[in-house]
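Everything on this sheet refers to the single structure shown next.
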Amino acid sequence: MDIGFALPVSGSWATPDNVVEIAETAERLGYTTLWTYQRLLYPEGTKLSSVYESVLDPVTVLGFAAAVTTRIRLGTAIVNLPFQSPAVLGKQFATLDVLSKGRLEAGLGLGWAQEEFTAADAEYTRRGARGDEFIAAIRAVWGPDPVEFDGDFYTIPRSKILPKPVQQPHPPIFLGGIAKPALDRTGRLADGWISSSGADLSTLADPIERVKSAARAAGRDPDALRFVCRGVIRDTNRNGPLTGTPEQIRADLPDHAAQGMTETFLDLNFDPTIGNPRADPAESMRRAREILEGLAPTG
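Shown next as structure tokens:
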């Protein structure tokens, strides 16, 4: 199983210097990937966790990290596809793939916060149908010119759209989501699935099998799909999976592989003692260095 690491994107530790340090260190230690996630806003009066108060843009951060690395892959987990058109996001992703020399992992989701849909001037209804069409349209953007797409939700006039991604026929597309329709969509259309920050890490095998079953039904090879676990690390004390010392956390990882995960990335952004604007950035980086060094891939 591959091991990745989440870049600092939430709260006070999400600084330019810290992004550079985490990116360079993770690459030096042999991690496979670096990951970011998207949150547009923090609604007034919300009960959401403080880790959502201040979040850097996911694609911009990966572009920043691409400039200081050469090998490690760069993933979004995830970008909400309803918030932009396939042509706009396709251009952003293609640019990132070109500038990183073919290292993009394109993680997409449907979104869930209605306030963000309002702020993005995006339609909340029929998100599933829009998601299906979005994937077809962004693949068209990345495909041969001239590009032309005419769907129920998205239209792209006959055009040349350059540059194309380095990875052909397109960068890997991952989908998030835990609802049955979302898992079925992944099996039918995507290259892999990414678990959520709130996933029960003891029951990962169930959604994996749902995705694989949908792939089989669509005539696709389920063994060609990749399954990425967002390994949220929240507590320095031993209090469930992925908590405690680096040695205790490492002991939990084989269970992810046994359930069918092909990668786990370690994510400190969702720990409220790290990923919020009032956290101590120095202590956050001390913990991040401890995890980075202590859980570095061994072979």
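Sequential numbering from 1 applies to the sequence shown in full-length UniProt numbering. C-beta: ideal position from N, C-alpha, C; glycine also. Note that this is a predicted model, so its numbers are computed, not measured.
By the beta-carbon neighbour count (other beta carbons within 10 angstroms, threshold 16), N276 is buried. Boundaries of the beta strand (DSSP E) harbouring W35: T33 to T36, taken from the DSSP string. A205 and S159 have their C-alpha atoms spaced approximately 43 Å apart. The alpha-carbon of H256 is positioned some 30 Å away from that of S12. In this structure the stretch 102-110 lies against the stretch 171-184, because at least three pairs of beta carbons, one per stretch, are closer than 8 Å. A check of alpha carbon separations from F265 across S197, P281 and Q248 identifies S197 as the nearest.
In this structure, P86 sits near I138, with a CB-CB distance shorter than 8 Å. Excluding residues up to 5 positions away in sequence, P82 and F83 lie with their Cβ nearer than 7 Å to the Cβ of A122 in the same chain.
Around the Cβ of D145, a 10 Å sphere holds fewer than 16 other Cβ atoms; the residue is exposed.
Three or more beta-carbon pairs drawn from the stretch 54-62 and the stretch 24-38 are found closer than 8 Å, and the two stretches are therefore classed as touching. Judged by DSSP secondary structure, E209 falls within the alpha helix (DSSP H) whose first and last residues are A205 to A217. If the five residues before and after V211 are omitted, its C-beta is found closer than 7 Å to the C-beta atoms of L183, T186, G187, W193 and L225, all from its own chain and listed in chain order.
Here W193 is bridged, per DSSP, to L175 and F227. Judged by their CB atoms, A26 and L292 are nearer to each other than the 8 Å cut-off. Excluding residues up to 5 positions away in sequence, F227 and G260 lie with their Cβ nearer than 6 Å to the Cβ of I208 in the same chain.
In this structure, P246 sits near L295, with a CB-CB distance shorter than 8 Å. For F117, the enclosing alpha helix (DSSP H) stretches over residues Q114 to A119.
Taken through DSSP and simplified to helix, strand or coil, G11 comes out as helix.
In the three-state reduction of the DSSP assignment, E283 falls in the helix class. Looking at D271, E44 and L7, the one whose alpha-carbon comes closest to that of V68 is L7.
Secondary structure of L74 (DSSP, three-state): strand. For G151, the closest of R130, N239, D221 and R289 by C-alpha to C-alpha distance is R130.
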